[in-house]
Amino acid sequence: MKKLVVSTSPHIKSGITVKKIMWAVVIALMPALFGSIYYFGLRSLLLVGLSVVTAVGSEALAQKFFGRKITITDGSAVITGILLAFNLPPGVPLWMPVVGSAFAIIIAKQFFGGLGYNFVNPALAGRAFLMISWPYFMTAKWLAPNSGYLAGFDATTQATPLTLLKNTLNIIKDPKTTAEELAFAQKIIANLNSLPVIKNLFFGNVGGCLGETSALLLLIGAIFLLVTRVIDYPIPVAYLGTVFLLSLVLPTKTNVLFQIFSGGLFLGAFFMATDYVTRPVTKLGQWIFGIGCGILTVIIRIWGGYPEGVSYSILFMNLTTPLLDRYTRPRVFGTKKAMRLDCYGK
Amino acid sequence: MFSFHGGIHPPENKLTTRTKRIENAPIPHRVFIPFSQHTGIPSKPIVKVGDLVKVGTKIGDAGGRVSVPTHATISGKVTEIKEYPHPALKERTLTCVIESDGQDIWDEQIKRRNIQDFDQQTLINIIAEAGIVGLGGAAFPTHIKLSPPKEKPIETLIVNGCECEPYLTADHRLMLEYSTEIIEGAKLIAKIINPKRIVIVIEDNKSDAIAKMREAITDFLIPITVLPIKTRYPQGAEKQLIKAVLGVEVPSGGLPMDVKTLVQNVQTCYAVYEAVNFNKPLVEKVITVSGEVKEPKNLKVRIGTPIIDLINFCGGYLTQPAKVILGGPMMGLAQYDDELPIIKGTSGILVFTDSKIEDESACIRCGRCIKVCPMNLMPCEINSFVRLKKFDKAKSYNVLDCIECGCCAYVCPANIRLVHAFKFAKNEIWAKQ
């Protein structure tokens, strides 16, 4: 008798694998990486490299420690490494991506079971950890783009547009501000809303985190992911759309394009809010998730203590994912209403 | 173009056989005919070892209402009646083994007859006696389907010519070569259930069959139309088909008659035509033999023929086979032995040489399974409940509505054997009830 394999149907597969998906995301992040090297110098590459190596290394170590299968070739740790570095100011000391990445992978990802089980985006958790532990480095180490800077601390620093906006608005609000200062502040605001600034924001020629400045280059990667259906449109559309609409009606003191192109919005909306593991799986859930991210981002930007709100918005919405999944179940074929609560009420 | 929500479009792989005429497979030397080839109670043997039988001789009586008789499919001698492995059931089942006399003598009762004054009940009895079951794969006794309760009248008879499984072209060829017979069969079914219309549904990748079936339509009491629909798997699944054609959903746990509809496969219509006009029981059917065989073919085969006989008739295996599947690649059953027989529900034989089964990895919650599920289920969530043995939760997430079409497992990037998990969960839930 011949040896035949018996397995459950289906007997054919689409060929999509976790590996292919993850590496596609890595490829999609490449334009922004090149942009970062162009604007901030080879130091960008160094920071990203350190972050990736640490992420992959920590993943291997943690998996070995927990007795899990080593899965570092699946690319997910590489993505976390890149994203963590993309969320750092280019002037941070070199140990920061190492500490951040290790935290992201070991604490935020592997402690909770590894890929598929973490409840918050590891890169954002790593960033939040660095932010509260070393706020100075995370909020002051901005560099001016094209400063020809390779290493060291002698580069031109330049506040990010959102930081500048926040500081200026604080000056305007301050009752002790003199008329002269006020006029100067108004001039800064007007300048931020000017066309050249918007153009720089779009191309990435502004201060900011490593990988977040160029809306254009992020968009190129995002379109690649959308076309190859690695990510779906609801979250980015809902997120950007909400920020767009709220910026129209709320007192941001800036024009809508400034709000859309500045900060980490594109990086967040296309690459971090769309993280499979930590976003809802249902379509309706994804719309709500995206809208929630948008609302929180605008609230933090206008009324919050931080100039930028993308990473905390996504982290917060990550926490709502299990609930959103539970309450937005699709209507099963042949049923009137989705059975939502029956299994929890009993 | 009409369709349904979700689904996939896997490579069709039908080109090798779609142009090949249906050939008669050689009469096997020995057939293994299980007494249970249908959903319901197995039939009861009425022959004993040593009896001589002809093609069409009844060898088993219906075992109850939801059951059909079983017939000899070759002429010769009954050599064994004992339990043998079954290609679709887990347990060994009572099987009649017939050794051929090499003559292929048919029962004298099988001949053309005048069917003018057959009334509804006579027709139903003929179909029941002929051992006809749903030939699309489910193998549910057809006469039961044709006897819906009075309060559930049928308005639409859908003739299913979708054949959405990749590789399979048997129904396609049948529609090309026996279009008139299929339509006559559908008319006979219509006579029994009195619908208001007959809709013959064919996927738009079979334009020649669409044209041929349209030509074959003749005047009838009620309108008969051929409706091309989008090529998409699982378009031929009963519930998805009805949704695509009529826009209504069969209620969860319900049957097509709940939405005044009856679906019959083209092969079933053909079998009904032959049974009524020639008094011919279901002893043969058309299947596709494809995949890694030397010469893929569409064959008319006797039920009970061992798989290996048909593979040899197709030139044998190309190389060492790794998987032999009865049915299509999406829902077919992998066999552990190529000596197992073809049964009434078999739609094809597929041979694959690559059987590498990738390891499952953790679910990354990509949601692809949700997007493709034609029943709108959440396969990834149900799978996580099944893993934790939380069958109640799996049930509340409607795992019992799963049609096991395999779309979710097909697209799963983590190679999770979702269908396997759902079959397991269903069995656990049914066992508790």
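Residue numbers (the working numbering), protein chains in the order written: chain A, 1 to 346; chain B, 1001 to 1433. For each residue, glycine too, the CB sits at the ideal point set by N, CA and C.
Check	Outcome
For Leu-1094 of chain B, the first and last residue of its enclosing beta strand (DSSP E)	1093-1100
Residues sharing a beta bridge with Asp-1061 of chain B, DSSP	B:Lys-1044
Start and end residues, alpha helix (DSSP H) containing Phe-1391 of chain B	1391-1396
Chain A within 8 Å of Cys-1164 of chain B, Cβ atoms only	no
Residue(s) in a DSSP beta bridge with Arg-331 of chain A	In the DSSP output, where bridge partners are listed per residue, Arg-331 of chain A has none listed.
Neighbour flag for Phe-1352 of chain B against chain A, beta carbons, 8 Å	yes
Member of B:Ala-1128, B:Gln-1335, B:Gly-1136 and B:Gln-1433 whose CA lies at the smallest distance from the CA of Ser-1067 of chain B	B:Ala-1128
Where the segment 186-212 of chain A meets chain B: residues whose CB sits under 7 Å from a CB there	none
Residue burial classification, Tyr-149 of chain A (beta-carbon count within 10 angstroms, cutoff 16)	Unreliable placement is indicated for Tyr-149 of chain A, whose pLDDT of 48 sits below 50; no coordinate value is reported for it.
Contact the segment 274-294 of chain A vs the segment 312-330 of chain A: 3+ CB pairs below 8 Å	yes
C-alpha gap between Gly-81 of chain A and Lys-1090 of chain B, whole angstroms	49 Å
DSSP beta-bridge partners of Lys-1265 of chain B	A small fix is needed here, since residue 1265 of chain B is Asn in this sequence, not Lys. Per DSSP, B:Asn-1160.
Where the beta strand (DSSP E) containing Ala-1334 of chain B begins and where it ends	1333-1335
Cβ-based neighbour list, Met-1375 of chain B, same chain, cut-off 7 Å, excluding 5 preceding and 5 following	Asp-1401, Cys-1402 and Ile-1403
Listed by chain order, chain B residues near Val-6 of chain A by CB distance under 9 Å	Lys-1323, Leu-1333, Ala-1334, Gln-1335 and Tyr-1336
Inter-residue CB distance, Lys-1300 of chain B and Glu-1274 of chain B (contact presumed, cutoff 8 Å)	That pair is no contact at about 12 Å.
Whole beta strand (DSSP E) elements within the segment 1309-1344 of chain B, 3-residue minimum	1323-1326 and 1333-1335
Neighbour list for Tyr-117 of chain A in chain B, Cβ cutoff strictly below 8 Å	Ala-1362
Of the residues A:Arg-301, A:Gly-113, A:Pro-93 and A:Phe-34, the one placed nearest Lys-64 of chain A, counting alpha carbons only	A:Gly-113
Continuous beta strand (DSSP E) assignments of at least 3 residues falling wholly in the segment 1143-1201 of chain B	1156-1161
Buried or exposed by the 16-neighbour rule on C-beta atoms within 10 Å, applied to Tyr-1317 of chain B	buried
Runs of alpha helix (DSSP H) lying entirely within the segment 211-255 of chain A, each at least 4 residues, in chain order	215-227 and 234-249
Helix, strand or coil at His-1005 of chain B according to DSSP, with G and I counted as helix	coil
Helix, strand or coil at Lys-141 of chain A [DSSP, three-state]	coil
Pair within 8 Å by beta-carbon distance, Ser-1075 of chain B and Asp-1101 of chain B	yes
Given Gly-208 of chain A as reference, the closest of A:Met-30, A:Tyr-39 and A:Arg-68 once Cα atoms are compared	A:Tyr-39
Min CB distance Ile-1382 of chain B to chain A below 8 Å	no
Contacts of Glu-1249 of chain B in chain A (Cβ-Cβ under 8 Å)	Phe-333 and Gly-334
Any 3 or more C-beta pairs closer than 8 Å across the segment 1256-1275 of chain B and the segment 1140-1151 of chain B	yes
Near-chain B residues of the segment 264-289 of chain A - C-beta to any C-beta below 7 Å	Tyr-276, Val-277, Val-281 and Thr-282
Rounded distance between the beta-carbons of Gln-1267 of chain B and Cys-1162 of chain B, thought under 8 Å	Cys-1162 of chain B to Gln-1267 of chain B, Cβ: 12 Å. No contact.
For Arg-1302 of chain B: DSSP bridge partner residues	B:Glu-1284
Closest residue to Phe-34 of chain A among A:Val-332, A:Ala-24 and A:Val-48 (Cα-Cα distance)	A:Val-48
Neighbourhood of Arg-127 of chain A by C-beta distance below 6 Å, restricted to the same chain and skipping five residues each side	Asn-87 and Ser-311
CB contact below 8 Å: Ala-123 of chain A versus chain B	no
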